[in-house]
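Shown next, in structure tokens, is the structure this report addresses.
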Amino acid sequence: MKLYLTLTCFIISTVLTAQTDQRIYDIIDAVSADRIEKDIATLAGFGTRHTLSDTVSKTRGIGAARRWIKSEFEAISKDCNNCLNVFYQKDLVEKGTNQRIVKDVMVVNVVAVQKGTKYPNSYIIMSGDIDSRVSDPTDYTSDSPGANDNASGMAGAIEAARVLSKYTFEHSVVYLGLSGEEQGLFGGKGFAAYAKENNWDIIGVLNNDMIGNITGVDGVIDNRSFRIFSEPVPPTETERQRNARRFYGGEVDGISRQLARYVHNTVETYMPEMNPMMIYRLDRFGRGGHHRPFNDAGYPGIRIMEAHENYTQQHQDIRTEDGIEYGDKLKFVNFDYAKKLTAVNAITMASLAWAPPSPKDVGIGGIVEPSAKLEWSKVNDAKGYKIYWRDTTSPTWDHSRYVDDVTTFTLEGIVIDNFFFGVSAVGEKGHESVVVFPNKIIR
Ligand SMILES: [Zn+2]
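Reminder that position 220 of the sequence shown reads as 220 in this note's numbering, one-by-one numbering, no gaps.
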């Protein structure tokens, strides 16, 4: 009897460790709402962080703000044996490039790279924005605390660096502060070009823009829901790929959408109290964010943000009108919620950075057959693979089957016409790559 019990416990514990990694729970616990509050307060305290604002002052303007962000990353790096490579990446944007660039400006991003041990050229990026604005997008002198938009995302990236720098990863992890967002997404455009020039392999960009508001302008208060915006297919696809989609599917299965599903799945596994909302669009209706320039360059990128926005606080001059307090002030930010969304980013990055790379090619076949066949290119460090499928109307990968070290598998009794399929690579500790939608047909 005793032996039986011990054996049962042993079996249960192996099953559990195969499914989840304790380190991921530790990462969630390590994210601090107090430090996020302090950092948002510091950023809001620079008066304005408008992209065209003062760069000389030590206390006011975007120059002071970016120097402080850089020094924070450097302090974090000092604490981890110089595990971060911290630098500025910048581009000159000339007056008149658009109506919001009313003078020449150096758009300066702050970058902190934690190099991966196995795949140093493979990057997972968390971004926030440095810059802020008020009602008039060209007003670069008025007070513009931008506490939620977007000191919250920036503070989240700094806090993620503090927490994740205590670990080593196989892929590289990047903590990124972007500028020029409100003037026309210039920082993201510049950084995506930098990544292209340096042949970066980007697993994904998690763009955080407004992760601290829980009281919606609609009156809803909700500290558990958040949105994951992702475009359906990349804008860089070829005419041939577009045509192929008509016959083989993939209208809602682009690389950014798979990244969004990865975030969703990771949160469901490790933060079941949260309510992640998959939004099937690039961004809010007619509005923009800094993941878009990465998408334009062909990289997977998504936007993570609060579920309920408050428009009396975004992009507003600080004032009171008809009893309504306008402006993006510190007191409207919910730091516990910003902490949760920061944890969402941190666990997604850790899972991806500990996982093997995705299989490069995935083929599928099964036309006029009672079963679907998949084959994929071998991933050297994979322990096995997970084949996923779902109803054609489902937003998430609802069914899966783990297979050991093989590179082809037939799902008996699963008719290809009625489902969508994908394959991920699984590592030693159970961490998985992003799912790859088939890009080849087996005849
Ligand atoms: Zn904004």
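Glycine is no exception: its CB is placed at the ideal position from the N, C-alpha and C atoms. Keep in mind that this is a model prediction, so the values were computed, not measured.
Check: Which residues bound the alpha helix (DSSP H) around residue 172?; Outcome: Run containing residue 172: none in the alpha helix (DSSP H); it sits in the beta strand (DSSP E), 171-178.
Check: How many Å lie between residue 314 and residue 288 at the Cα?; Outcome: 14 Å
Check: Check whether the segment 110-130 and the segment 92-100 touch, using three or more Cβ-Cβ pairs below 8 Å as the test.; Outcome: no
Check: To test your reading of the DSSP string, which unbroken beta strand (DSSP E) runs of 3 or more residues are found completely within the segment 344-420?; Outcome: 362-365, 372-376, 384-391, 399-403, 408-411
Check: With DSSP run on the structure shown, which of helix, strand or coil describes residue 154?; Outcome: helix
Check: Measure the alpha-carbon distance for residue 392 versus residue 105 and round it to whole angstroms.; Outcome: 48 Å
Check: Which residue's Cα is closest to the Cα of residue 192: 52, 337, 20, 299?; Outcome: 299
Check: Go ahead and pull the three-state DSSP assignment for residue 92.; Outcome: strand
Check: Using the three-state DSSP reduction, which class does residue 163 fall into: helix, strand or coil?; Outcome: helix
Check: Could you compute how far the alpha carbon of residue 277 sits from the alpha carbon of residue 263?; Outcome: 10 Å
Check: Cα separation between residue 422 and residue 435?; Outcome: 6 Å
Check: Taking all protein chains shown into account, do 16 or more other C-beta atoms lie within 10 angstroms of the C-beta of residue 183, making it buried, or fewer, making it exposed?; Outcome: buried
Check: What residues in its chain sit with their C-beta under 6 Å from that of residue 148, if we drop five residues either side in the sequence?; Outcome: 210, 212, 213, 328, 333
Check: Please name the residue in 36, 433, 27 whose C-alpha comes closest to that of residue 265.; Outcome: 433
Check: Quick check: the segment 404-412 against the segment 345-357, are at least 3 beta-carbon pairs closer than 8 Å?; Outcome: no
Check: Is the segment 25-37 touching the segment 311-325 in the sense that three or more CB pairs, one from each, lie closer than 8 Å?; Outcome: no
Check: Let's test the definition: count the other Cβ atoms within 10 Å of the Cβ of residue 331 and tell me whether it reaches 16, buried, or not, exposed.; Outcome: exposed
Check: Where are the alpha helix (DSSP H) runs, 4 residues long or more, that stay fully inside the segment 250-334, in chain order?; Outcome: 255-270, 292-296
Check: According to DSSP, simplified to helix, strand and coil, what is residue 60?; Outcome: coil
Check: Give the range of the beta strand (DSSP E) segment to which residue 445 is assigned.; Outcome: Here the chain has residues from 1 to 443 only, and residue 445 is not among them.
Check: Leaving out five residues on either side along the sequence, give the residues of the same chain with a beta carbon under 7 Å from the beta carbon of residue 103.; Outcome: 52, 95
Check: What does the alpha-carbon distance come out to for the pair residue 219 and residue 308?; Outcome: 9 Å
Check: Under 7 Å between the Cβ atoms of residue 45 and residue 60?; Outcome: no
Check: Could you tell me the alpha carbon to alpha carbon distance between residue 177 and residue 365, rounded to whole angstroms?; Outcome: 44 Å
Check: Got a sec? Which residues, its chain only, sit under 8 Å from residue 39 by beta carbon, not counting five neighbours each side?; Outcome: 72, 151, 154, 155, 158, 159
Check: For residue 149, verify whether its CB is less than 6 Å away from any heavy atom of ligand 1.; Outcome: yes
Check: Of all the options 437, 358, 90, 141, which has the alpha carbon lying nearest to the alpha carbon of residue 186?; Outcome: 90
Check: Could you give the residue range of the beta strand (DSSP E) that holds residue 119?; Outcome: 119-129
Check: Taking C-beta to C-beta, are residue 116 and residue 169 nearer than 7 Å?; Outcome: yes
Check: Any heavy atom of ligand 1 within a distance shorter than 6 Å of the CB on residue 306?; Outcome: no
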